[in-house]
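Asks: The numbering of the sequence shown is our numbering, which starts it at 722 and goes up by one.
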Amino acid sequence: MTNKIHTYQAMFLLDNEEVRKGFNQAKDWVQACLEKHNVDVKVLRLWGERALAYPIGSRQRATYLLGWVEASGEAVNEAKREMYLVGPAFRIMFLRADEIPAEEMAFGIEAIDDSAVDIPEEVEEFETIEEDVAEEAAESKTEEKTEENTDEPAGEKAADSSDESEAVAVGEENKEN
722 MTNKIHTYQA
732 MFLLDNEEVR
742 KGFNQAKDWV
752 QACLEKHNVD
762 VKVLRLWGER
772 ALAYPIGSRQ
782 RATYLLGWVE
792 ASGEAVNEAK
802 REMYLVGPAF
812 RIMFLRADEI
822 PAEEMAFGIE
832 AIDDSAVDIP
842 EEVEEFETIE
852 EDVAEEAAES
862 KTEEKTEENT
872 DEPAGEKAAD
882 SSDESEAVAV
892 GEENKEN
């Protein structure tokens, strides 16, 4: 197997519980794991804390760590294998790239004060949406039952009374003929 060095863009989804304990601690663990497997880390920076497109386990949000590295494919696979077994990263992606953009190289290995990283508490967003939908369905069923329980809606009663006067008028015309 060849050990040709390639450039990769890497994205690490970090567990927010671990990031709350310290962003730099989580970032340093990712960096140490990569370097342990001979992955040359060029850029490693906070990309942001965001909601996931879909829940992963019990997680609905994650902290995204963006990296640019140079390594062999074998070294990347070994690092990924270890990261999936232990550590704060629960999803990892490496994409092969031609080169590292100059604007990314300007970031380098970013050090951030842990207090500057704001990670919100997990919110049960999906349960709230399901509860709202269930409440709306219950309300619409209640409205339907209310309409069924009345003999005639108010609008129909008004229409019927005008029809009766027309019927009486028509009946009187027939009597005259």
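Where is the CB? At the ideal position from N, CA and C, for every residue including glycine. Keep in mind that this is a model prediction, so the values were computed, not measured.
In three-state terms, what does DSSP make of ASP749?
Replies: ASP749: helix per DSSP, three-state reduction.
Asks: Could you tell me which residues DSSP pairs with LEU786 in its beta bridges?
Replies: LEU786 is bridged to PHE733, LEU767.
Asks: Assign GLU739 to one of three DSSP states: helix, strand, or coil.
Replies: Of the three classes helix, strand and coil, the one that applies to GLU739 here is helix, per DSSP.
Asks: So, with DSSP's three-state summary, where would you put VAL797?
Replies: In this structure, VAL797 counts as helix in the three-state DSSP scheme.
Asks: Using a Cβ-Cβ cut-off of 6 Å (strictly less than) and excluding sequence neighbours within five positions of PHE733, which residues of its own chain qualify?
Replies: The answer, listed in chain order, is VAL751, LEU786, ALA810, ILE813.
Asks: Answer with buried or exposed for ASP819, where buried requires no fewer than 16 other C-beta atoms within 10 angstroms of its C-beta.
Replies: So ASP819 ends up on the exposed side.
Asks: Here's a check: name, in chain order, each residue in its chain whose Cβ is nearer than 7 Å to the Cβ of LYS725, leaving out the five neighbours to either side.
Replies: Once the five neighbours on either side are set aside, the close Cβ partners of LYS725 are SER793.
Asks: Any contact between the segment 790–805 and the segment 734–748? By contact I mean 3 or more CB pairs, one from each, below 8 Å.
Replies: As far as the Cβ criterion goes, the segment 790–805 does not touch the segment 734–748, which means the pair count is below three.
Asks: What's the gap between the Cα of ASN798 and the Cα of ARG771?
Replies: Answer to the nearest angstrom: the Cα atoms are 26 Å apart.
Asks: Where does the unbroken beta strand (DSSP E) through ALA810 begin, and where does it stop?
Replies: 810–818 is the span of the beta strand (DSSP E), which, as asked, contains ALA810.
Asks: By how many angstroms is the C-alpha of ALA827 removed from the C-alpha of ASP761?
Replies: Their backbone Cα atoms lie some 16 Å apart in a straight line.
Asks: Using the DSSP secondary-structure output, state which residues sit across from HIS758 in a beta bridge.
Replies: Looking at the DSSP assignment, HIS758 forms no beta bridge with any residue, so it has no partner.
Asks: On the premise that LEU767 lies in contact with ALA800, defined as a C-beta separation below 8 Å, what is that separation, rounded to the nearest angstrom?
Replies: About 20 Å separates the two Cβ atoms, so there is no contact after all.
Asks: State buried or exposed for LEU765, treating a residue as buried only when at least 16 other CB atoms are found within 10 Å of its CB.
Replies: Flag for LEU765 reads buried.
Asks: Thinking just about the alpha-carbon of each residue, which of ASP834, GLU825, VAL790 is nearest to the one in TYR729?
Replies: Nearest option by C-alpha distance: VAL790.
Asks: Determine the closest residue to LEU804 out of ILE821, LYS757, ASP834, with distance taken between C-alpha atoms.
Replies: Strictly speaking, residue 804 in this sequence is Met, with Leu absent from that position. The shortest C-alpha separation from MET804 is found at LYS757.
Asks: Quick one: grab the DSSP three-state call for GLU825.
Replies: Residue state, collapsed to three classes: helix.
Asks: Quick one: what's got a C-beta closer than 6 Å to ILE830's C-beta in the same chain, skipping five residues either side?
Replies: LEU765.
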